[in-house]
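Enquirer: Pasting a structure below so you can have a look.
2 protein chains.
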Amino acid sequence: MTIDISPPHEKSDEHYVHPDQVAVALEHFINDEKAGRLAETFKALSDPTRVRIIAALAHTELCVYDLTAVVGLTQSAVSHQLRLLRTMRLVKSRRDGRHIYYQLDDAHIHDLFHRGLDHVMHG
Amino acid sequence: MTIDISPPHEKSDEHYVHPDQVAVALEHFINDEKAGRLAETFKALSDPTRVRIIAALAHTELCVYDLTAVVGLTQSAVSHQLRLLRTMRLVKSRRDGRHIYYQLDDAHIHDLFHRGLDHVMHG
Chain A
299 MTIDISPPHE
309 KSDEHYVHPD
319 QVAVALEHFI
329 NDEKAGRLAE
339 TFKALSDPTR
349 VRIIAALAHT
359 ELCVYDLTAV
369 VGLTQSAVSH
379 QLRLLRTMRL
389 VKSRRDGRHI
399 YYQLDDAHIH
409 DLFHRGLDHV
419 MHG
Chain B
299 MTIDISPPHE
309 KSDEHYVHPD
319 QVAVALEHFI
329 NDEKAGRLAE
339 TFKALSDPTR
349 VRIIAALAHT
359 ELCVYDLTAV
369 VGLTQSAVSH
379 QLRLLRTMRL
389 VKSRRDGRHI
399 YYQLDDAHIH
409 DLFHRGLDHV
419 MHG
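Line by line, the protein sequences give chains A and B.
In this text, residue positions in the first sequence follow my numbering: the first is 299, and each later residue adds one.
In this text, residue positions in the second sequence follow my numbering: the first is 299, and each later residue adds one.
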């Protein structure tokens, strides 16, 4: 007696209804670690206030004072969300004199935000 | 005595440190309703199992049986997540004979997933 303990993506084709489609899907398989990090990235964007901060920074950098005014919250609330967004590498900051400026971490975040907006607007 | 109750984006320029940058940010202002819907979309993607389902469907449609095998979970668990993903319009289904096939709802979802992956991989 043998027990099949191989993970699904290592089973032979006969286990699948459409082996060709499954082969395509498995070619782009992402492991648990990567899926977890991706889920965490999306989770960082799953809050309306953080979305509005990303929206405000989508086309310009802003100092904390201006960002707070644009988003319309207390500086304490904005600072809290900015810390989380920095930890998740969605925004980055630089100091220039007495001002701290925030911008999106890289072009991926800009694209990520706008693809989400496309879905909400036209989806 | 007057109290300023205008929303921040209607205040005069003198309230801002960098009025030009603020003007750019406000040009792309998104309202609360849109920010909420966007946050909900990202929230639907903030779960590792749902991320793996999206990854499996990123380049091909799959019937429920094959999708379950690729993701490596019970059909009950996959069906539960598919219901949520359908409600959020991230995936759509079609029936053909005795099979139900799932695919990404539109190209925005494909792009959204891949921009997130870009961030995780190279960010």
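All residues carry an ideal CB built from backbone N, CA and C; glycine is no exception.
This one's a predicted model, so the numbers in the text were calculated from it and none came from an experiment.
Is it true that the CB of histidine 412(B) sits closer than 7 Å to the CB of aspartate 416(A)?
Expert: Indexing the first sequence from 1 puts residue 416(A) at position 118. Indexing the second sequence from 1 puts residue 412(B) at position 114. Contact flag unset, no.
Enquirer: Identify each residue in the stretch 364–387 of chain A for which the Cβ-Cβ distance to at least one residue of chain B is less than 7 Å, and report them in chain order.
Expert: Within the stretch 364–387 of chain A, the residues whose Cβ lies closer than 7 Å to some Cβ of chain B are Asp364, Ala367, Val368, Gly370, Arg387, listed in chain order.
Enquirer: Name the residue from Arg396(B), Ala333(B), Gln373(B), Lys332(B) whose alpha carbon lies nearest to the alpha carbon of isoleucine 351(B).
Expert: By 1-based counting over the second sequence, the position of residue 351(B) is 53. Among Arg396(B), Ala333(B), Gln373(B), Lys332(B), the Cα nearest to that of isoleucine 351(B) belongs to Gln373(B).
Enquirer: Any idea if methionine 386(A) is buried or exposed, counting beta-carbon neighbours within 10 angstroms, 16 or more meaning buried?
Expert: Here residue 386(A) refers to the residue found at position 88 when the first sequence is read from its first residue. Burial call: buried.
Enquirer: Report, in whole angstroms, the separation of the C-beta atoms of aspartate 364(A) and glutamine 319(B), which I expect to be a contact under 8 Å.
Expert: Working through the first sequence from its first residue, we reach residue 364(A) at position 66. Working through the second sequence from its first residue, we reach residue 319(B) at position 21. Going by Cβ atoms, the distance from aspartate 364(A) to glutamine 319(B) rounds to 6 Å, so yes, they are a contact pair.
Enquirer: Taking 7 Å as the limit between beta carbons, can you name the residues of its chain near tyrosine 314(B), skipping five residues before and five after?
Expert: What you label residue 314(B) is simply residue 16 of the second sequence in a count that begins at 1. If we look at tyrosine 314(B) and ignore the five residues flanking it on each side, its Cβ neighbours are Val320.
Enquirer: Do you know offhand how far valine 349(B)'s Cα is from serine 391(B)'s?
Expert: Along the second sequence, read from residue 1 onward, the residue named residue 349(B) stands at position 51. Along the second sequence, read from residue 1 onward, the residue named residue 391(B) stands at position 93. Rounded to whole angstroms, valine 349(B) to serine 391(B) spans 17 Å at the Cα level.
Enquirer: What does a CB cutoff of less than 8 Å around glutamine 379(A) pick up in its chain, not counting 5 residues either side in sequence?
Expert: Numbered from its first residue, the first sequence carries residue 379(A) at position 81. Excluding residues within five positions, the ones whose Cβ falls inside 8 Å are Asp345, Thr347, Arg348, Ile351.
Enquirer: Taking a Cβ distance cut-off of 8 Å, strictly less, list which residues of the stretch 315–330 of chain A are near chain B, in chain order.
Expert: Per Cβ criterion, the list reads Val315, His316, Gln319, Val320, Val322, Ala323, Leu324, Glu325, His326, Phe327, Ile328, Asp330.
Enquirer: For a test of the three-state rule: what should DSSP assign to serine 344(B), helix, strand or coil?
Expert: As a first step, residue 344(B) must be located in the second sequence, where it is residue number 46. Looking at serine 344(B) - three-state DSSP - the assignment turns out to be coil, as it is neither helix nor strand.
Enquirer: Using only the alpha-carbon positions, how far apart do alanine 342(A) and valine 362(B) sit?
Expert: Here residue 342(A) refers to the residue found at position 44 when the first sequence is read from its first residue. Here residue 362(B) refers to the residue found at position 64 when the second sequence is read from its first residue. Near 30 Å, if we compare the C-alpha coordinates of valine 362(B) and alanine 342(A).
Enquirer: Taking 8 Å as the limit between beta carbons, can you name the residues of its chain near leucine 355(A), skipping five residues before and five after?
Expert: Taking the first residue of the first sequence as 1, we reach residue 355(A) at position 57. Leu365, Val389, Tyr400, Gln401, Leu402.
Enquirer: Start and end of the beta strand (DSSP E) containing aspartate 403(B)?
Expert: By 1-based counting over the second sequence, the position of residue 403(B) is 105. Where aspartate 403(B) is concerned, there is no enclosing beta strand (DSSP E), given that its DSSP letter is neither H nor E.
Enquirer: Near histidine 397(B), what residues of its chain come up, given a Cβ to Cβ distance below 7 Å and the 5 sequence neighbours on each side ignored?
Expert: Locating residue 397(B) in the second sequence gives position 99, counting from the first residue. Cβ within range, chain order: Cys361.
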